[in-house]
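Accompanying notes for the structure given below.
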Amino acid sequence: MSGVSLEIELSGIKLRNPFILASGFIDDDPSLLSRAWKAGFGALTTKSLTPKPREGYKPPIIAFTKAGYLNAVGLSNPGVDSLPRLLSKLPRESKVIVSIAGSTVDDFRYGAEKSNLDNVDIIELNLSCPHVKSMGMDIIHDISYSLDIIDAVVSTSDKPVYIKLGLTDTYLSLVSKALDKGVSGFTIMNTIKALAIDTASLKPILSNVYGGLSGPAIHPIAVRMVYEVYREYQVPIIGVGGVMDWEDVVEFIAAGASAVGVGSYLFLKPV
20 MSGVSLEIEL SGIKLRNPFI LASGFIDDDP SLLSRAWKAG FGALTTKSLT PKPREGYKPP
80 IIAFTKAGYL NAVGLSNPGV DSLPRLLSKL PRESKVIVSI AGSTVDDFRY GAEKSNLDNV
140 DIIELNLSCP HVKSMGMDII HDISYSLDII DAVVSTSDKP VYIKLGLTDT YLSLVSKALD
200 KGVSGFTIMN TIKALAIDTA SLKPILSNVY GGLSGPAIHP IAVRMVYEVY REYQVPIIGV
260 GGVMDWEDVV EFIAAGASAV GVGSYLFLKP V
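Listed below in structure tokens is the structure:
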């Protein structure tokens, strides 16, 4: 008996299965991306890469809670110019989503230019990081400015462009306008701004004070956002947020996701 194929197509890109390594869970060691591919992911998403390297925040950058965990890494990354090195140990057949971030239109345009590599399949715009000033959520709340960024990237790149959405009151409006600009799909959703207090010191645990909440707590919210976007627009969606077991995967697919990003689970069972 032949095995069941899990192959899917995402914006014209064939993936061996719908499981995608979410952004931010692999460091800047090329061998780790290679290891993740060998573990069986259908596609790999890089850390969010900025025009110049970023050191990020000082520890502590992780805080575990009863509902999941908070992170405030600060978008630490080696810079988008390092992309050829980061991908150097991946086989030709691997599928890669490059996440890019920045604070200006030129930042994103530069990231798109540097991501126009043969071994890059999709560009993901991180417009929703909740804990870095002048980036992420600070951008997405300004729909007009977000559209300027999207316009610059779509006109610069020949790759499908995805937007990573965060929880805002206007995300459906942004989806509609982004599609008009030529965006191919969406990654839903990013972490949610949150705070954890050390009950011994009565002070915030994270050095940045605020962090992004991940894990089971955000899963139902992510499912709701996927459902609403797909119901309205029937576009390719990568569902991300609190995937811990097969039921979480089924929920995302049933809500309308074409593929499912896995990140939180890796804290329990690293590949």
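Be aware that the sequence shown starts at 20, since it is given in our numbering, and climbs by one per residue.
Backbone N, C-alpha and C define an ideal beta-carbon position, used for all residues, glycine too.
In this structure, A55 lies away from I39, with their beta-carbon atoms at least 8 Å apart.
The beta carbons of V180 and I142 sit closer together than 8 Å. In the structure shown, F38 falls within a strand segment according to DSSP collapsed to helix, strand and coil. F127: member of the alpha helix (DSSP H) spanning V124 to K133, first to last residue. At a Cβ-Cβ threshold of 8 Å, V172 and L144 count as neighbours.
The DSSP-derived three-state label of R104 is helix. Annotation: R111 to N138 spans about 7 Å, alpha carbon to alpha carbon. Within the region 48-82, complete beta strand (DSSP E) segments of at least 3 residues are found at 62-64, given in chain order. For K212, the enclosing beta strand (DSSP E) covers residues I211 to L214. Per DSSP, the continuous beta strand (DSSP E) segment holding V180 begins and ends at V180 to L184. Annotation: L89 to K212 spans about 9 Å, alpha carbon to alpha carbon. Per DSSP, reduced to three states, the secondary structure at I224 is coil, with no helix or strand assignment. If you draw a 10 Å sphere on the C-beta of S50, you find fewer than 16 other C-beta atoms in it, and that means exposed. Judged by DSSP secondary structure, I27 falls within the beta strand (DSSP E) whose first and last residues are I27 to L29. Where T206 is concerned, the enclosing beta strand (DSSP E) starts and stops at G204 to I207. Residue range H238 to Y252 is occupied by the alpha helix (DSSP H) that includes E251, with no beta strand (DSSP E) assigned at that position.
CA-CA distance, A215 to K66, rounds to 24 Å.
As computed with DSSP, T84 is found in a beta bridge with G87.
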